[in-house]
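The opening position of the sequence shown corresponds to residue 433 in this note's numbering, with each subsequent residue numbered one higher. We treat Cβ as the ideally placed atom computed from N, Cα and C, and that holds for glycine. Remarks on the structure that follows.
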Amino acid sequence: MRRLPLLVMMCVLLAGLAACGGHGKLDKAVRSVLVSGDTTRAAYDSLCSLVTENPGKYSDLLTPEGKVDHKKMADFIDKIGSQLRPPMHWDTRPYGGVDDLSLTVYFERSGSMVPYDQRGGGGQLKKAVNDLINHFPAGSKVDINIVNDGIYPYQHTVDEFLKDRDIYQSTAGIGDASYTDFQLIFNKILEAQRPGNVSVLVSDLIYSPKDTRGVSLDKIFNEENSLATRAFAKYKGKSVVVQQLMGDFSGKYYPYNGVPFEYSGKRPFYLVIIADNDAMDQLAQDKRYSGVLDAPAVSNSYRFNQSTSEVECRVLPEWKDNAGRFRVKHGDGIVLAKCDGDRQTGKLCFSLAANLGSLMKDDAMLTDVSNYEVKSIDGYTLTVQPIDQSMVTANNKEYLEGMTHVLTLVGDLKSPRDEVHIALRNELPAWVRQSSSTSDTSAGGSFSTTTLGLEQLLGGMFDAMKGGSNYFDIIINLQR
């Protein structure tokens, strides 16, 4: 009879644990989805429906308004996935937040832009904008504005814009095309933006304010740097992607200080894509918008406002570049145990498959090891290689699937324990400096590939939205 109270207490305790920590049906549903590999929007929506249909049971996964908290939902799914063997991760970010994104185009109509869309040219500028619009699914809300001294709504339909072969002729007389007020434009774009909206400024990004007679170029550069910092610093939680493209230019070019001259040839132009962080993440990962951020015509691109991120990576236990021996120790973090150097060289070489796609950096930046900082006791060095289909075999498919790059480290295995840190520094990419000029008085030199004051303008945006010192920081613990 004395055992009965103890049995009752154990039942009460178990019931309490189930009530406090378990999600029962949801746990089971998440495990089923992960194990089956059905990581689709439909599967995610079904899990969300389970939560909203049982608000009392799943209140910790809901917002105060009774909607699914997608961040908490992602954390919950990751927790379940980490308990599986092998652990599984499902990136649900494209499915959270706003279901459909809207697009607002701000099309610059200034004297310096008109020569990009002449009938005899290749029409790269207009095609880039048309492609941008077409990359948004049918039914998406799309608005078009003309910008110069102000912002003016386009007075025709989106279809008419797409079909227009002489967009600068049909928009003649809108605003004052003699100058572009970037301070007003950036502020108005940022003020008007709503959740789920993607705003795109189409421009040559040449700062040309009104009345610059007698003003030195250094003063102009400082002014544009400050205005960019001031505009973007006021609006937290924004991401900006700047894409550089090349287009045929045929017409009169107006230098900052000098005589206008005729020029026919290639010139850079830019798409400045602005959105809330979550909308930009969705734009990058949701297949419905594929082609917006990875358009083939883009020469260079850069995403601003990224703090240090978690980068998914997996140790490759068998890889062509591996040397020496090690055993992957399962648990928190990346730990290589029982490490032993190569018999002939004494070196340890190991590789990680990593998903760097979420960083939205081009391969020129991601594969340049000078952009990385590597710290260790034994002086490990790094190489970075993009993953292509030819690398995937039956033996390594589970490690390479969903990954974008292989990070290979090699060092002299001397210390009994070591900690290798790999960080990608958060700096303006080299192409910004290489694409910037301090003079545009003639068509010689690098005129065909540079933009006056680009480094100062984008540098101001960078200062406002720098985020962390590194994009990511991976730590690998080595044990002998």
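Margin query: With H, G and I counted as helix, E and B as strand and the rest as coil, what does DSSP make of A855?
Written below: Residue state, collapsed to three classes: strand.
Notebook entry, point to check: Exposed or buried, which one is L516 when buried takes at least 16 other CB atoms within 10 Å?
Noted result: Exposed is the call here.
Next item on the list: Less than 8 Å between the CB atoms is what I'm expecting for V500 and F539, so what's the real figure, rounded?
Entry: Contact flag wrong, Cβ pair sits at about 37 Å.
Check: Any heavy atom of the ligand MG closer than 6 Å to the Cβ of K779?
Finding: Of the ligands one can find in the structure shown there are none, so the ligand MG has no counterpart to examine.
Next item on the list: Determine which residues share a DSSP beta bridge with R746 and list them.
Entry: A785
Item checked: Sequence-distant residues of the same chain with beta carbon closer than 6 Å to P818, five excluded per side -> D795 and H837
Next item on the list: Check whether the Cβ atoms of L659 and Q625 sit closer than 7 Å, and answer yes or no.
Entry: no
Checklist line | Residues of its chain near L622, where Cβ-Cβ distance is below 6 Å and the 5 sequence neighbours each way are ignored | finding: Y667
Next item on the list: Would you grab the beta carbon distance between Q676 and V730 for me? Rounded to a whole angstrom, and I think it's under 8 Å.
Entry: 7 Å
Next item on the list: In the DSSP assignment, find the beta strand (DSSP E) that holds L814 and state where it starts and stops.
Entry: Counting along the chain, L814 sits inside the beta strand (DSSP E) bounded by residues T813 to P818.
Notebook entry, point to check: Under a Cβ-count criterion, where at least 16 other Cβ atoms within 10 Å of its own Cβ denotes burial, should V465 be classed as buried or exposed?
Noted result: Buried: at least 16 other Cβ atoms inside 10 Å.
Notebook entry, point to check: Are the Cβ atoms of D872 and L886 separated by less than 7 Å?
Noted result: no
Notebook entry, point to check: Shortest alpha-carbon distance to S544 belongs to which of D563, V634 and Q587?
Noted result: V634
Note to self: Can you tell me whether N566 is buried or exposed? The criterion is at least 16 other CB atoms within 10 Å of its CB, across all chains shown.
What the structure shows: exposed
Next item on the list: Return the chain-ordered list of same chain residues with a C-beta closer than 7 Å to the C-beta of A665, the five sequence neighbours on each side being excluded.
Entry: A896
Checklist line | Same chain, Cβ closer than 6 Å to G453, five either side skipped, listed in chain order | finding: Any answer about G453 is weak, because its pLDDT of 41 lies below 50 and its placement is not dependable; what the coordinates show is given next. Correct list: empty, nothing qualifies.
Notebook entry, point to check: DSSP three-state call for G454: helix, strand or coil?
Noted result: Residue confidence is low: G454 scores 49 on pLDDT, short of 50, so the model does not pin down where it sits. No coordinate-derived value is stated.
Item checked: Which listed residue (S790, V546 and D507) has its alpha carbon closest to that of E694 -> V546
Item checked: Contact set for S640: own chain, Cβ-Cβ below 6 Å, skip 5 residues either direction -> Y611 and T612
Next item on the list: Report the three-state DSSP secondary structure of K489 (helix, strand or coil).
Entry: coil
Check: Quick one: what does DSSP say I907 is sitting in, helix, strand or coil?
Finding: strand
Margin query: Looking at the strands, I want to know which residues DSSP matches up with R720.
Written below: None; R720 has no bridge partner.
Notebook entry, point to check: Quick one: what does DSSP say V467 is sitting in, helix, strand or coil?
Noted result: helix
Next item on the list: Kindly list the residues whose CB is nearer than 6 Å to the CB of T799, restricted to its own chain and excluding five residues on each side of it in sequence; keep chain order.
Entry: Contacts found: V816.
Note to self: Which residue wins for smallest C-alpha separation from G628, given the options F736, L533 and M797?
What the structure shows: Closest by alpha carbon: L533.
Checklist line | Exposure of K770, with buried meaning 16 or more beta-carbon neighbours within 10 Å | finding: Counting Cβ neighbours within 10 Å, K770 comes out exposed, since fewer than 16 surround it.
Note to self: I need the DSSP call for G765, collapsed to helix, strand or coil.
What the structure shows: Assigned with DSSP and collapsed to three states, G765 falls in coil, not helix or strand.
Next item on the list: Determine which residues share a DSSP beta bridge with F693 and list them.
Entry: Y685
Check: Which partner residues of V842 appear in the DSSP bridge assignment?
Finding: C781 and T813
Note to self: Judging by CA-CA distance, which residue of Y734, H588, I706 and K457 is the nearest neighbour of V483?
What the structure shows: K457
Check: Among N657, K620 and S648, which residue has its Cα nearest to the Cα of L637?
Finding: N657
Next item on the list: Following the continuous beta strand (DSSP E) through E540, name the residue where it begins and the one where it ends.
Entry: Run containing E540: S534 to E540, per the beta strand (DSSP E) assignment.
Note to self: Measuring straight from C-alpha to C-alpha, what distance separates D753 and L841?
What the structure shows: 9 Å
Check: To which residues of the same chain is V530 closer than 8 Å at the C-beta, ignoring the five residues directly before and after it?
Finding: Bear in mind that a pLDDT of 48 at V530, under 50, signals an unreliable position, so the model cannot answer this.
Check: Should Q888 go down as buried or exposed, given a rule of 16 or more other Cβ atoms within 10 Å for buried?
Finding: So Q888 counts as buried.
Check: Contact check, I907 vs E851 under 8 Å by CB: the rounded distance?
Finding: 6 Å
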